[in-house]
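Undergrad:
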Amino acid sequence: YGFINTCLKSLVVEKYGEETWEKLRLQAGVQDSFLTFEVYKDEITMQLIDKACKVLGVPADLVLREFGKYFFEFCKRSGYDHMLRTLGGNLYEFIENLDALHSYLCLDCVCFFPQEMNAPSFRVEKNEDGSMHLHYYSDRRGLCHIVPGIIGAAALDFFNIEISMKIVNQTEEEERTGKKEHIVFLVTQNPVFPYKERNEFSSSPQCLVDSEKQIENQLNKEDLEKAKNTNGDRGNSVCPVKKSHWKTLRGIITLGKGKLLRGFDPVYPKSLWIDTKTFCNGLPFHMVFDKELKVKQAGVSIQKIVPGLQTMGICLDHYFRIIHPEVPFTISSIQKFINSQFVFQTRREMMPESWKERPMLELRGQMLWMEPLQCMLYLCSPLLRTLHELEERQMHLADIAPHDVTRDLILLNQQRLAEMELSNQLERKKEELRILSKHLEEEKKKTEALLYAMLPQHVANQLKEGKRVEAGEFKECTILFSDVVTFTNICAQCEPIQIVLMLNSMYLRFDRLTTVHDVYKVETIGDAYMVVGGVPVPVPTHAERVANFALGMIMAAKGVQNPVSGNPIQIRVGIHTGPVLAGVVGEKMPRYCLFGDTVNIASRMESHGVPSKIHLSSSAYQCLKYKNFEITERGEIEVKGKGKMHTYFLIRNKTATVDEIMGRP
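Residue 5 is where the sequence shown starts when you use my numbering, and the numbers rise one by one after that.
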């Protein structure tokens, strides 16, 4: 299910960040998010793990072990904490009941989703030295290193013990259909102590046994002392009476409420106080069979459904097949997995004619080996999840014993069907909204990028918020104008599309340079290009920025071809420094415009300039003369509307290279 892939994504995002996840998923070629109960191909998970190893540069076993630890925490955060904690009172019981948990989850999920969860299987064996052998079976090869991560995290969190797990055997398990991976882990466990005590304490399993005995003895002494004190308090304070040994013992048992009965021995009647008929009616879905799988006894309801069982001595495997665990139908295989829940399914060919069109009945229960009789007892119930499944098999609640919780499960699941369907729909809608939100954010960024290309960012933000943008006065800035030499003649001799292509090629180069030198492009009118430094954000280096930009323009223009002559075009550039007033003009297609005599003088510098030269006013010269620029004097010239003006030519930047001016690496 998508729960696994969601956990893997959460691990990568939490440990390494969103960018790493994005890189990983793109390399794996998978989607960004997964629905919790949606079924996904195993290849997706395998791809993600493979790419995680490569992207993070970590071996697969370490990635899987880390994933196992995180998966345990992820399950707890996802609402499975109490369910996991109640699996067992110690690590052995916890592992022993993992298959039962998977069976429950399969049962829960199949009610709502068509494909059953394909979970791994666990079998655990105790060793004399206190260690355990954990048998792990899975259809998925190469994921066994997840197990030490999960089991280690559970042992530390639930039982306060540290464990070490190492693989002692790895085979293809013929017993489990020949395709299952069978890994055997040796599990050794040690109590968790503070750092100093841990160093002094031996890590051998025997120490664990010794420590348990010490704790038990201490508990016995404490309870005994407490019981004596309590009994003493209950006695007559005026005339104390000596309590007998048995009264003291009775007080201990009463006080401890069973805690001290560690060696509990059950009491059995001399003979079984139940007759055969009552037993078969009270447990209507049980079966007893011997080593040869011959049926010795069966409950009345299972006899009703499978009439062949009324013939005692028939072989059980003729009428049923084992669905879970996937083992051969033999006593030895059943005994090996006796702690697992067993699911039987009826064989269609052996069922009565009325069952030919119905789904086959499945039974789920536990196996109990009866050593004196050398027989196996299968205590089971019908594996039914909903009223619909009950109706499909033409069965009724009356067919199930009143004490059987299957009745409650069927009725509860009817209610949960609606809840789960609603939850699934909400999850899908949430995912759709997330995708729409992501697309909206992308479109918003595109819109903002377009808006910021037309207006200064702070001005655009004010307009978006509906605020009025006040005009601002800038005491000193540097303005640049440029135009194409003989542009009128070129237009007269060329097709309009050629002019458009030429100007576009030139303006693309100039636009890139505005980013390189951080100057603001005010506007373009025909072949005229206008930029400003120090507006809308005042900076002390406005003149140097515009000067470097102008040098870059002259170089960039050489790469643009004149469509008439085929030679590079030539441009004139004029620069002037002075005060301006800046503000937004208009509401439809608003423009950020500059006003003042500084704009007029900068335009005159361009119109009175020389091809392929950068013409400076005296105020621009004053700003640049001590800034590592080579400048030559032009002298006094007559400027239209201004009279005589002393002007200069900017030649080059003495310290910057051509690549730096052009913004090339």
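All C-beta atoms, glycine included, are put in the ideal place defined by N, C-alpha and C.
Using only the alpha-carbon positions, how far apart do Tyr533 and Gln461 sit?
TA: 20 Å
Undergrad: Could you tell me the alpha carbon to alpha carbon distance between Val67 and Val128, rounded to whole angstroms?
TA: 25 Å
Undergrad: Assess contact between the region 582-595 and the region 554-567, defined as three or more Cβ pairs (one per stretch) separated by less than 8 Å. Is contact present?
TA: no
Undergrad: Measure the alpha-carbon distance for Cys379 versus Tyr44 and round it to whole angstroms.
TA: 43 Å
Undergrad: Could you compute how far the alpha carbon of His139 sits from the alpha carbon of Leu372?
TA: 21 Å
Undergrad: If we call anything under 8 Å between Cβ atoms a contact, is Ile48 one with Val62?
TA: no
Undergrad: So, for Phe293: in the same chain, excluding its five sequence neighbours on each side, which residues have a beta-carbon less than 7 Å away from its beta-carbon?
TA: Val299, Lys300, Leu320, Cys379 and Met380
Undergrad: Return the chain-ordered list of same chain residues with a C-beta closer than 6 Å to the C-beta of Arg432, the five sequence neighbours on each side being excluded.
TA: none
Undergrad: Let me make sure I understand the geometry here. Which of Tyr652, Asp65 and His328 has the alpha-carbon closest to that of Asp103?
TA: His328
Undergrad: Which parts of the region 383-442 are runs of the alpha helix (DSSP H), unbroken and 4 residues or longer, counting only runs that do not cross its ends?
TA: 391-396
Undergrad: Report the rounded CA-to-CA distance for Glu353 versus Tyr84, giving the unit in angstroms.
TA: When rounded, the distance between both Cα atoms is 41 Å.
Undergrad: Using only alpha-carbon positions, find the residue among Leu297, Tyr382 and Pro332 that is nearest to Ile318.
TA: Leu297
Undergrad: The alpha helix (DSSP H) spanning Tyr96 covers which residue range?
TA: Leu95 to Glu100 is the extent of the alpha helix (DSSP H) around Tyr96.
Undergrad: Distance, Cα to Cα, Ser215 vs Val409?
TA: Because Ser215 sits at a pLDDT of 43, beneath the cut-off of 50, its placement in the model cannot be relied upon, and the point is left open.
Undergrad: Which word fits Asp412, buried or exposed, when buried means at least 16 other C-beta atoms lie within 10 angstroms of its C-beta?
TA: exposed
Undergrad: Could you check whether the region 570-578 touches the region 483-491, counting it as contact only if at least three pairs of C-beta atoms, one from each stretch, sit closer than 8 Å?
TA: Because the criterion of three Cβ pairs below 8 Å is met, the region 570-578 and the region 483-491 touch.
Undergrad: Quick check on the burial criterion: 16 or more other C-beta atoms within 10 angstroms. Buried or exposed for Thr602?
TA: buried
Undergrad: Is the beta carbon of His612 closer than 8 Å to that of Val568?
TA: no
Undergrad: Is the CB of Glu452 under 8 Å away from at least one CB in chain E?
TA: The chain inventory of the structure shown lacks chain E, comprising one protein chain alone.
Undergrad: Can you tell me whether Asp279 sits near the ligand MN, meaning its C-beta is under 7 Å from at least one heavy atom of the ligand?
TA: Absence of the ligand MN is noted for the structure shown, with no ligands found whatsoever.
Undergrad: With H, G and I counted as helix, E and B as strand and the rest as coil, what does DSSP make of Phe289?
TA: DSSP places Phe289 in coil when its eight states are reduced to three.
Undergrad: Leaving out five residues before and five after Met136 in sequence, what residues of the same chain have Cβ atoms less than 7 Å from its Cβ?
TA: Tyr96, Val128, Glu129, Lys130 and Val191
Undergrad: Taking Val310 as the reference, which of Gly600, Gly470, Glu357 and Tyr652 has the closest Cα?
TA: Glu357
Undergrad: What would DSSP say about Val662, mapped onto helix, strand or coil?
TA: helix
Undergrad: Measure the alpha-carbon distance for Gln31 versus Lys55 and round it to whole angstroms.
TA: 7 Å
Undergrad: Between Cys11 and Asp161, what straight-line distance do the alpha-carbon atoms span, to the nearest angstrom?
TA: 19 Å
Undergrad: Where Met510 and Ala660 are concerned, what is the direct C-alpha to C-alpha distance, given to the nearest angstrom?
TA: Each residue's Cα considered, the two are about 23 Å apart.
Undergrad: Please check the pair Arg438 and Ser142, which I expect to be a contact at CB under 8 Å, by giving their CB distance rounded to whole angstroms.
TA: With a Cβ gap of about 32 Å, Arg438 and Ser142 do not count as contacting.
Undergrad: Helix, strand or coil for Trp373, going by three-state DSSP, please let me know.
TA: Strand at Trp373.
Undergrad: Might you give, ordered along the chain, the residues of its own chain that have their beta carbon closer than 8 Å to the beta carbon of Glu77, omitting 5 neighbours on each side?
TA: So the qualifying residues of the chain are Ala157.
Undergrad: Three or more C-beta pairs closer than 8 Å, one from the region 358-371 and one from the region 333-350: is that the case here?
TA: yes
Undergrad: Grouping DSSP H, G and I as helix and E and B as strand, with all else coil, what is Asp601?
TA: helix
Undergrad: Name, in chain order, the residues that DSSP records as bridge partners for His4.
TA: The structure shown does not extend to residue 4, since the chain spans only 5 to 669, so no value can be given for it.
Undergrad: Does the region 589-598 come within contact of the region 450-470, defined as at least 3 CB pairs closer than 8 Å?
TA: Yes, they touch.
Undergrad: Quick one: measure Cβ to Cβ for Val535 and Phe553, integer angstroms, because I've assumed they're closer than 8 Å.
TA: 6 Å
Undergrad: Identify which residue in Phe478, Phe599, Asn417 and Thr492 has its Cα closest to the Cα of Val539.
TA: Phe478
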